[in-house]
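Per my numbering, residue -9 is the first one in the sequence shown, and the count goes up by one each step.
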Amino acid sequence: MADKKLNTGCAVALGNFDGVHTAHRKVLDAALSLAEKHNVKACAILFDIHPKSYITKSPLPTLLTWQKTKEILSSLGFEVVTLNFAQIQSMSAAEFFEEILIKQLGAKALCCGFNYSFGKNGAGSGADLQAMCSKAGVDFEMIPPVEINGETVSSTAVRKYIAAGEPEKAALMLGRNYTVCGKVVEGDQRGRTWGFPTANQIIDESLVVPKYGVYETKTVIDDKEYRCVTNIGIRPTYLSERALAETHIIGLSGDLYGKEIEVELIRFIRPEKKFDSAQKLIEQLKKDISEVTGDV
């Protein structure tokens, strides 16, 4: 049912953790403190599929791939336990608490957000979990809402801002810039012939797609940070079948094919548009770069 059993007991962080945003970090930090208090491992639970995607049978665009989420949680000091959602989705809240959290994981402490739900149809609430922990002698902490500019931090809100082309607002909630991650693939090299080579990435179909357009971005290559201009979309002038991120890395020359890079979205510059000629597109590219560098 899970990919790993923790026989020595643990402090468990509960949640979906899509994006690992600032509210998630509050839960995770509390779980780490509880693990230290009880001298046990810190454990984070992930599902193999987002519960909403399983229930609705419709993919929910996520902010991070499952693997990237696992990497981040592991880097923070968590042992990640993956649950097969299909196998546990019919469990009642009480069964999930007893069979998974207590018997399988040996939880000594639990931590969740204010809106956490669990068990079949999400029938169990944070208050229910608190009552179960109290009865079982398990330490418990529930994190209240985290607000930024009067809005509650949530993965839904971050997705909304990314899709709307507002990466600055998304960054406030994430506690970092939103990134487009992926391997650089070979393109048609048209930009290279114009003097504007690009690092092209195919946007993972499981992820939320940023609003199509041109962004000021940055990336780190071999420990050096570069300012960049990134076009996200389908290239209406030279149509692409899939959404691409095409990044011109200012001041970098060299072949990045096959290299995994992370491109951070800073701000939206303009919508994607179709140009009548290559020359007009080149002129716009020069303006976009000037917009980022401040050079006139």
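The beta carbon of each residue, even a glycine, is placed where N, CA and C say it ideally should be.
Distance from the Cα of A21 is smallest, within the candidate group T59, A235, A83, A97, for A97. Here E158 is exposed, its C-beta having fewer than 16 other C-beta atoms within 10 Å.
Under DSSP, the beta-bridge partners assigned to C0 are K31, A97. When rounded, the separation of the alpha-carbon atoms in V71 and K31 is 12 Å.
Taking all protein chains shown into account, P187 has 16 or more neighbouring C-beta atoms within 10 Å of its C-beta and is therefore buried. Every beta strand (DSSP E) stretch that sits fully inside the segment 77 to 135 and reaches 3 residues is listed by chain position as 97 to 103, 129 to 133. Shown here, E273 sits in a helix according to DSSP, grouped into three states.
At the C-beta level, G103 and I133 come within 8 Å of one another. Distance from the Cα of K58 is smallest, within the candidate group S196, E206, D266, K110, for S196. Looking only at S43, G177, I211, K125, the smallest Cα-Cα distance to V253 is reached by I211.
Residues A32, A34 of the same chain have their beta carbon placed closer than 6 Å to that of F68, with the five preceding and five following residues left out of the count.
Approximately 6 Å separates the beta-carbon atoms of A147 and M163; this is inside 8 Å, confirming the contact. The beta carbons of T220 and Y205 sit closer together than 8 Å.
Within the same chain, N190, Y247 come within 8 Å of E176 by CB-CB distance, once the 5 residues on both sides are set aside. Between E131 and C101, the C-beta gap is smaller than 8 Å, which places the two residues in contact. Under DSSP, N190 forms a beta bridge with V175, E236. The beta-carbon separation of G116 and T12, rounded to 19 Å, does not stay under the 8 Å limit for a contact. Per the C-alpha coordinates, the member of F258, T207, A268, F265 positioned closest to I239 is T207.
Note on the segment 12 to 62: whole beta strand (DSSP E) runs with a minimum of 3 residues are 31 to 37, in chain order. Here DSSP, grouped into helix, strand and coil, assigns P200 to coil. Boundaries for R260: no alpha helix (DSSP H) harbours it, while the beta strand (DSSP E) harbouring it runs 250 to 261, taken from the DSSP string. According to the DSSP assignment, Y151 belongs to the alpha helix (DSSP H) that extends over 145 to 153. Nearest to E85 by C-alpha distance, out of D118, L53, T55, A160, is D118. The DSSP-derived three-state label of I224 is coil. In the structure shown, the three-state DSSP call for K159 is helix. About 6 Å separates the CB atoms of I92 and A126; that is less than 8 Å, so the two are in contact.
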